[in-house]
Amino acid sequence: MKTIKITLTMKTIKITFLSLLSSLLFISCEKDDKSPELIQEEELITSVIVTLNSSEGQVVLSSKDLDGDGPNVPVISVVGALKQNTIYNGTIQLLNESVSPSEDITIEVKEEAEEHQFFYDFNTIIKRIEATDVDKNNNPLGIQFELETGAIGSANIGFTLRHLPTKPNTGITTAGGETDIAVTFEVSVVE
Amino acid sequence: MKHIFVGIFLFLFFLSHGQDCHFSLKGRVLDQHNGQPLSKAVINVYGTNKEVLSDLNGYFIINSLCKGFIELEISHISCGTKFYPLNIFENTDQAFLLEHHIEALNEVAVLQRKGADLNQNKSLNTETLAQLSSLNFADALTQIQGITSLKTGGTIAKPLIQGFYGSRVITRNQGVRMQDMEWGDEHAPNIATSSVNKVSLITGAQALKYGGDAVGGVLVLDSKKPNFTNNTNLSAIFTGQSNGRGFQSSQNFDQNFKNGIYYGLQLDYKRAGNTKTPSLYMDNTGLEQLSVSVPFGWHKENWGIDSYVSYFRANNAILSSSHIGNLSDLIGQINQTIPLKDTSFSYDINNPKQEVSHFIGKLALYRRFSDIGKLDIQYDYQQNNRKEYDIRLGNRNQIPGTDLKLETHALQTSFNVQTAQSKALEFGVESKYQLHFPNPDTGVRRLIPDYHSISFGAFLYGKTSLTDNFMLSASLRTDYLEIKADKYYKKSRWESMGYNIQYAQFFVADFESQILTAPSFSFPTYAAALSADYKKDSYTIQGHYQYVERAPNPAELFSEGLHHSAARIELGALDMDKEKAHKWSLQYEYTKGSTHLYIAPFFNFIQDYMVLLPTGVEFTIRGAFPVWEYTQTNAQFIGVDTKLSQQWNTHFKSIHGLSIVKAKDLINNSPFPNIPPISSQHEIEKKFKAVQGLSINLKGNYVFRQNETPENISVFNPYDQSQSILRINDSPPDYFLLSGFAAYAFPKKSSTSYKIRLIGENLSNINYRNYLNRLRYFSEEMGVNINLQFIINF
Numbered sequence: 423m424k425t426i427k428i429t430l431t432m433k434t435i436k437i438t439f440l441s442l443l444s445s446l447l448f449i450s451c452e453k454d455d456k457s458p459e460l461i462q463e464e465e466l467i468t469s470v471i472v473t474l475n476s477s478e479g480q481v482v483l484s485s486k487d488l489d490g491d492g493p494n495v496p497v498i499s500v501v502g503a504l505k506q507n508t509i510y511n512g513t514i515q516l517l518n519e520s521v522s523p524s525e526d527i528t529i530e531v532k533e534e535a536e537e538h539q540f541f542y543d544f545n546t547i548i549k550r551i552e553a554t555d556v557d558k559n560n561n562p563l564g565i566q567f568e569l570e571t572g573a574i575g576s577a578n579i580g581f582t583l584r585h586l587p588t589k590p591n592t593g594i595t596t597a598g599g600e601t602d603i604a605v606t607f608e609v610s611v612v613e
Numbered sequence: 006m007k008h009i010f011v012g013i014f015l016f017l018f019f020l021s022h023g024q025d026c027h028f029s030l031k032g033r034v035l036d037q038h039n040g041q042p043l044s045k046a047v048i049n050v051y052g053t054n055k056e057v058l059s060d061l062n063g064y065f066i067i068n069s070l071c072k073g074f075i076e077l078e079i080s081h082i083s084c085g086t087k088f089y090p091l092n093i094f095e096n097t098d099q100a101f102l103l104e105h106h107i108e109a110l111n112e113v114a115v116l117q118r119k120g121a122d123l124n125q126n127k128s129l130n131t132e133t134l135a136q137l138s139s140l141n142f143a144d145a146l147t148q149i150q151g152i153t154s155l156k157t158g159g160t161i162a163k164p165l166i167q168g169f170y171g172s173r174v175i176t177r178n179q180g181v182r183m184q185d186m187e188w189g190d191e192h193a194p195n196i197a198t199s200s201v202n203k204v205s206l207i208t209g210a211q212a213l214k215y216g217g218d219a220v221g222g223v224l225v226l227d228s229k230k231p232n233f234t235n236n237t238n239l240s241a242i243f244t245g246q247s248n249g250r251g252f253q254s255s256q257n258f259d260q261n262f263k264n265g266i267y268y269g270l271q272l273d274y275k276r277a278g279n280t281k282t283p284s285l286y287m288d289n290t291g292l293e294q295l296s297v298s299v300p301f302g303w304h305k306e307n308w309g310i311d312s313y314v315s316y317f318r319a320n321n322a323i324l325s326s327s328h329i330g331n332l333s334d335l336i337g338q339i340n341q342t343i344p345l346k347d348t349s350f351s352y353d354i355n356n357p358k359q360e361v362s363h364f365i366g367k368l369a370l371y372r373r374f375s376d377i378g379k380l381d382i383q384y385d386y387q388q389n390n391r392k393e394y395d396i397r398l399g400n401r402n403q404i405p406g407t408d409l410k411l412e413t414h415a416l417q418t419s420f421n422v423q424t425a426q427s428k429a430l431e432f433g434v435e436s437k438y439q440l441h442f443p444n445p446d447t448g449v450r451r452l453i454p455d456y457h458s459i460s461f462g463a464f465l466y467g468k469t470s471l472t473d474n475f476m477l478s479a480s481l482r483t484d485y486l487e488i489k490a491d492k493y494y495k496k497s498r499w500e501s502m503g504y505n506i507q508y509a510q511f512f513v514a515d516f517e518s519q520i521l522t523a524p525s526f527s528f529p530t531y532a533a534a535l536s537a538d539y540k541k542d543s544y545t546i547q548g549h550y551q552y553v554e555r556a557p558n559p560a561e562l563f564s565e566g567l568h569h570s571a572a573r574i575e576l577g578a579l580d581m582d583k584e585k586a587h588k589w590s591l592q593y594e595y596t597k598g599s600t601h602l603y604i605a606p607f608f609n610f611i612q613d614y615m616v617l618l619p620t621g622v623e624f625t626i627r628g629a630f631p632v633w634e635y636t637q638t639n640a641q642f643i644g645v646d647t648k649l650s651q652q653w654n655t656h657f658k659s660i661h662g663l664s665i666v667k668a669k670d671l672i673n674n675s676p677f678p679n680i681p682p683i684s685s686q687h688e689i690e691k692k693f694k695a696v697q698g699l700s701i702n703l704k705g706n707y708v709f710r711q712n713e714t715p716e717n718i719s720v721f722n723p724y725d726q727s728q729s730i731l732r733i734n735d736s737p738p739d740y741f742l743l744s745g746f747a748a749y750a751f752p753k754k755s756s757t758s759y760k761i762r763l764i765g766e767n768l769s770n771i772n773y774r775n776y777l778n779r780l781r782y783f784s785e786e787m788g789v790n791i792n793l794q795f796i797i798n799f
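So the protein lines, in turn, are chains D and A. If you read the first sequence in our numbering, its first letter stands for residue 423, the second for the next number, and so on. If you read the second sequence in our numbering, its first letter stands for residue 6, the second for the next number, and so on.
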């Protein structure tokens with residue numbers, strides 16, 4: 423009788439320890455060694471290129487941030503100087519240069535013109551910047567614009583692209599929406 | 006306005022007059038198998054403070070019972086807990102059978118002794134949970150003193166226990182530790198409130214059985230257990246919600262057999278549209294939620310099986326104006342220059358939105374070895390999916406910006422050694438395999454990478470009663486976690502963090518602007534806890550000391566990139582060390598007559614506390630973004646939860662509660678964000694003599710302004726070329742919220758009972774903002790909301 427009990431006890435202990443052990447040895451199907459897919463961010467805008475043309479010549483402003491939300495700051499370049507009292511025709515180009523070949527995001531913005539609008543910020547040396555293109559609802563889009571310079575000096579020109587702003591609106595402060603682009607260039611206006 | 010409330014309080018007070026409650030109930034608790042009397046069984050009149058113990062011959066007596074339906078909760082240390090509905094209309098004498106030897110203990114009953122459920126101040130019972138069923142789980146939990154909820158809008162909320170949340174809180178649902186993406190702020194536990202029977206907050210020695218890293222505490226949701234009778238329960242709750250025009254339907258079906266077999270089905274569906282502040286509709290704030298669960302089990306004397314399958318799915322709209330592009334947008338929002346878009350009502354759920362789902366499958370077995378103990382083995386599988394839809398460029402709105410899948414397999418084994426009733430000894434081991442897959446089809450870089458992890462854990466728990474009044478329990482635990490990730494870093498980031506030198510061994514391949522790395526870490530962690538409890542006639546004191554270590558979660562290690570919905574760059578740190586927390590807590594409970602007092606102070610010291618703090622600003626072509634980095638510091642959390650309730654007479658009850666948490670970053674000598682402000686609750690409950698079954702509850706919740714907030718950050722705003730203060734840490738003013746309910750139970754004529762409940766939230770329709778809501782910058786909270794609930798029990 424006693425032996426039976428001991429055997430039973432031994433058996434119990436064995437079952438218990440086997441169970442405990444199996445818990446520890448429990449190894450699921452080992453992950454396969456395939457590396458995860460590289461994600462090329464297709465809608466990332468890395469470069470904003472603003473081309474200003476007039477009979478007096480061309481000025482190109484560009485801001486490039488190839489690492490997107492990485493730590494590197496955008497590289498800003500201004501090629502050429504604006505002439506005083508001149509009207510320029512401006513065009514904004516948005517590129518994704520993190521993929522090759524680079525992608526022109528301006529096309530997507532144009533396709534969704536009703537959902538986008540460029541806003542401009544400038545000081546008194548620039549007399550005005552006005553959008554010259556419109557969306558289907560006849561509201562300004564702002565990829566194309568007209569810029570008129572005033573006296574000589576230096577000026578900051580800011581370009582902001584808002585996604586889903588209230589359209590029409592009275593300006594950026596009331597437009598709302600989400601900022602897709604916010605770049606500022608320091609330009610000089612010369613004789 | 007305040008005078009009116011005072012008036013109502015007084016009115017209700019004077020309405021309450023004594024009813025003659027002279028009935029007594031004599032009973033005897035017997036073993037169902039052999040008819041032997043069971044001594045020291047705890048008999049509680051459900052929902053009241055009336056509680057007695059059976060004597061050596063199993064007899065008990067409860068006096069001063071009122072006429073009407075009551076429910077007895079009878080539990081015994083080595084049996085289960087059983088509920089017996091009774092109609093009291095005369096002095097009653099009845100025998101009650103309990104299934105002795107069969108393990109049907111509620112999960113949280115170990116500390117239950119001598120009639121006092123020591124967790125009554127830290128748990129919610131079935132009745133309360135039914136009443137709260139229209140709330141999300143975290144908001145329902147705020148009924149427990151010391152728990153608040155951290156929100157992202159009105160629908161996504163996670164529990165905040167004495168200032169701790171996320172990975173510092175373990176949720177154990179049906180014996181399964183919920184494995185989800187708790188590291189994210191905009192993540193809510195995937196649990197429908199209506200599917201929960203009882204929930205308790207566990208700290209101290211017991212808590213280590215469930216995990217070694219719960220700095221904040223363990224939320225234990227009771228598992229389904231059989232009741233060994235042939236019966237069918239069917240209950241349904243239908244709720245209509247005025248604010249958001251929501252409706253909810255919950256059904257609970259429960260079939261039990263005398264032979265120990267049980268099964269059930271729980272269904273919950275909820276739908277609501279845009280909710281409204283007192284003045285306007287909040288655009289895109291609806292939700293749709295579905296939950297289904299099926300328990301099945303068979304309990305015999307020496308063996309048993311429990312299985313559980315559940316599926317939860319929610320589609321939460323996120324306030325449209327909270328979707329912002331960059332820092333200037335955020336500054337604009339915080340400075341209120343961009344007003345909240347007033348829209349009309351709609352059920353539509355548009356981008357931005359969140360789609361989450363959670364599947365749980367569990368199989369548990371137990372085997373009892375006579376005179377030795379009980380062995381438990383459980384396997385569970387979980388799958389948690391989360392998709393975040395943003396407003397995107399170029400027809401990509403149908404593609405989620407974040408698409409995560411987290412799968413977990415877990416196996417746990419424990420052995421409960423058979424000991425004398427006054428003692429307990431339990432030990433166990435567990436292992437876990439986890440696989441995280443962020444879907445690359447999003448076209449957006451992964452904020453949390455692919456990873457897989459393996460972990461092992463082992464615990465030992467014991468308790469002993471030194472005297473009749475004094476009990477000690479202790480536990481030890483160790484865990485080992487190994488985590489391996491495959492992560493693409495922005496090359497510029499990898500270098501700016503210095504990882505190219507410090508972690509060169511993790512480098513795998515170069516892809517121009519990005520590099521593939523394979524970081525791999527292992528963390529052994531240790532935990533120990535000691536609890537003591539002392540009980541005298543009128544009071545109980547519980548003291549706990551707990552030391553736990555927590556390994557960093559994937560967000561703390563690997564976050565890297567723009568967190569779109571928060572408009573900030575979040576960075577983890579590969580050199581994160583485990584955090585080490587000491588927690589001292591005390592619970593003092595005093596009951597005399599109809600007065601009940603609860604005071605629970607706590608003190609935490611945490612070394613290498615991991616926290617996400619703003620550290621600077623980075624510029625991109627989209628403008629500036631604040632950078633938030635996971636850093637480690639030393640932290641101190643100190644506070645107290647108190648509650649005073651008074652049952653003035655059988656018809657009138659008042660409850661007052663107060664919770665305080667003070668948290669401090671000891672290295673930077675600064676407060677932490679997201680710490681709940683001081684709050685006090687005042688509640689009165691009135692039943693009516695004239696109208697049997699009618700009860701009214703009125704609750705006032707005063708939330709102080711959080712005065713201890715971290716400093717705001719000063720940032721350069723490139724748009725107007727100026728330095729601006731980002732008032733991200735400012736706290737909104739204090740507020741007083743009034744809520745309440747009126748319930749009426751129709752006289753019971755057959756076995757079917759009907760109950761109707763009218764629940765009001767923000768009754769005075771005040772405009773307020775909640776410091777613990779991450780969307781407080783964008784919108785005020787919901788205005789008045791009236792729920793009408795219809796409850797049927799078959």
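We put the CB at the ideal spot given by N, CA and C, even for glycine. Keep in mind the model is a prediction, meaning the values are calculated, not measured.
8 Å Cβ cutoff, residue i in contact with chain A
i	result
GLY492(D)	yes
LYS453(D)	With a pLDDT of 47 at LYS453(D), under the threshold of 50, the modelled position of this residue cannot be trusted; read the value that follows with caution. It does: the Cβ of LYS453(D) has a partner Cβ on chain A nearer than 8 Å.
ALA503(D)	no
THR468(D)	yes
ASP602(D)	yes
Secondary structure of residue i, DSSP reduced to three states
i	result
ALA490(A)	strand
ILE339(A)	helix
ASP543(D)	strand
LYS453(D)	Confidence is the limiting factor: at LYS453(D) the pLDDT is only 47, short of 50, which leaves the residue's position unreliable, though a coordinate-based value still follows. LYS453(D): coil per DSSP, three-state reduction.
SER570(A)	helix
ASN560(D)	coil
ALA578(A)	coil
ILE529(D)	helix
LYS428(A)	strand
Min CB distance residue i to chain D below 8 Å
i	result
GLY216(A)	no
LYS648(A)	no
LEU35(A)	no
ASP385(A)	no
VAL708(A)	no
LYS358(A)	no
Nearest-angstrom Cβ-Cβ length linking residue i and residue j, presumed shorter than 8 Å
i	j	result
TYR386(A)	THR348(A)	Actually they do not touch by this definition, with Cβ atoms about 42 Å apart.
One or two residues paired with residue i in a DSSP bridge
i	result
TRP308(A)	ARG372(A)
MET615(A)	GLN637(A)
GLU393(A)	GLN359(A), THR407(A)
ILE602(A)	Note that residue 602(A) corresponds to Leu in the displayed sequence, not to Ile. Per DSSP, TYR595(A), LEU649(A).
ILE801(A)	Because chain A spans 6 through 799 in this model, residue 801(A) falls outside it and cannot be assessed.
GLN519(A)	LYS495(A), PHE516(A)
May I ask you to verify whether the region 559-566 of chain D touches the region 288-304 of chain A, counting CB pairs closer than 8 Å and requiring at least 3? Touching, no.
For the region 208-220 of chain A against the region 753-769 of chain A, do three or more pairs of beta-carbon atoms, one drawn from each stretch, fall closer than 8 Å, so that the two count as touching? Result no; under three Cβ-Cβ pairs closer than 8 Å.
Three or more C-beta pairs under 8 Å: does that hold for the region 708-720 of chain A against the region 745-765 of chain A? With the cut-off at 8 Å, the region 708-720 of chain A and the region 745-765 of chain A do not touch.
Would you call the region 624-639 of chain A and the region 652-660 of chain A in contact, with 3 or more CB pairs under 8 Å? No: fewer than three Cβ pairs fall under 8 Å.
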